[in-house]
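J.: Can you keep this structure in mind? I'll have questions shortly.
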Amino acid sequence: MNDYIKMILISLVMSALAFFAGVSYTKAVSEKSMIEVTDLIAGYAKVQTFNPEEISKRITSEGATPAELASYIERYIKLHQLKGVILIDESYVVAKPNFSSSATLTMSELNNLSEKYNIKTEIDYGSLLSEFNKTIKSAKNYTN
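Heads up: the sequence shown begins at -16 in the numbering used here, then just goes up one per residue.
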């Protein structure tokens, strides 16, 4: 009878080992498949539409200057680039699903996201516009 109990215990241990090996293998294959699918999906560029006129109206209605609006647009585009999103002007799209529209962010929302992702404007739009206005004034004085 001792031999019979030994055989049962050995059978149970071998069965348990086989079961856990099978579970581990199945889990590893499932995880590998999920990683491959996730990498594949993440590799596709996301496409969203946006309406620059609507954004301009909304931001200027919040009191933004032209320089702030230009900075907003630059950072808005950079944020979407960072997120792997292709932005397309709505006026050039023939048909689109509703979920493909990019969110219009408030100035404070974009400022927070810009700070979070360290997005900065590369051009000093205030100085650029100031220089442009000086050039226009001098051109007007020259023609008078």
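Where is the CB? At the ideal position from N, CA and C, for every residue including glycine. Note that the structure is predicted; figures quoted are calculated from it, not measured.
1. Is it buried or exposed, Y55, if we count other Cβ atoms within 10 angstroms and call 16 or more buried?
2. Helix, strand or coil for T21 per DSSP?
3. Among N124, L112, S83 and R58, whose alpha-carbon lies nearest the alpha-carbon of I102?
4. Note down the Cα distance separating E73 from F2, rounded to an integer number of angstroms.
5. Among the candidates L93, V12, V76 and T104, whose CA atom is the shortest distance from the CA of A50?
6. Can you give me the C-alpha to C-alpha distance between T48 and G109, rounded to a whole angstrom?
7. Tell me which residues share the same chain as E45 and place their Cβ nearer than 6 Å to its Cβ, disregarding the 5 neighbours each side in the sequence.
8. List the whole-angstrom C-beta distance separating T87 from I38, where the pair is believed to meet the contact cut-off of C-beta under 8 Å.
9. Report the residue from E98, M(-3) and I60 whose alpha carbon sits nearest the alpha carbon of F33.
T.: In short:
1. Around the CB of Y55, 16 or more other CB atoms lie within 10 Å, so the residue is classed as buried.
2. If DSSP states are grouped into helix, strand and coil, T21 belongs with the helices.
3. Ranking N124, L112, S83 and R58 by CA distance to the CA of I102 puts R58 first.
4. Their backbone Cα atoms lie some 56 Å apart in a straight line.
5. Checked all of L93, V12, V76 and T104; the closest Cα to A50 is T104.
6. Near 9 Å, if we compare the C-alpha coordinates of G109 and T48.
7. Hits under 6 Å: M90.
8. With a beta-carbon spacing of about 5 Å, T87 and I38 fall inside the 8 Å limit used to define contacts.
9. That would be I60, whose Cα lies nearest to the Cα of F33.
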